[in-house]
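Before any comments, here is the structure.
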Amino acid sequence: MSKGALFGAQIGSSLGAARTVDKARMEEMKRKGITPDMLEMAENVGVALEQAVDGLRATQNSVETSQKLAKTLDRQSESLYERATNAIKSGDEETARKLLLERESVKEKL
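Using the working numbering, read the sequence shown as starting at 18 and increasing by one per residue.
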């Protein structure tokens, strides 16, 4: 037997075995009352669930990012307030006013 014929026989044997396994699976599913439509619906549910989990992860990441931004803006607001307080104490009302206006701008982003 030539190498090509042997290779062809091996592939044919593999395909035949795969068909036998598929046929056995289909018969087992039929015996259990599972139709191809039911299998397709289950696969669709699996895909939808995977997409929902991906969406949840994206939402969680967005929440974390928003929380980090809020903390940063809050710290910035507190720093501006402290600087404005120090400016008032040192008699620099103009700087204090500018800092408080800047603080209001930061607080609007919160």
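Using N, Cα and C, we set each Cβ at its ideal position, and we do this for glycine too. Computed from a predicted model, the values in this text were never measured in an experiment.
When you compare the CB positions of residue i and residue j, do they come within less than 8 Å of one another, or not?
{"i": "residue 97", "j": "residue 114", "result": "no"}
{"i": "residue 101", "j": "residue 117", "result": "yes"}
For residue i, I'd like the list of residues in its chain whose CB is within less than 6 Å of its CB, leaving aside the five on either flank, ordered along the chain.
{"i": "residue 93", "result": "123"}
{"i": "residue 126", "result": "90"}
Please work out which residues of its chain come closer than 8 Å, Cβ to Cβ, to residue i, disregarding the five sequence neighbours upstream and downstream, and give them in chain order.
{"i": "residue 70", "result": "none"}
Leaving out five residues on either side along the sequence, give the residues of the same chain with a beta carbon under 7 Å from the beta carbon of residue i.
{"i": "residue 112", "result": "104"}
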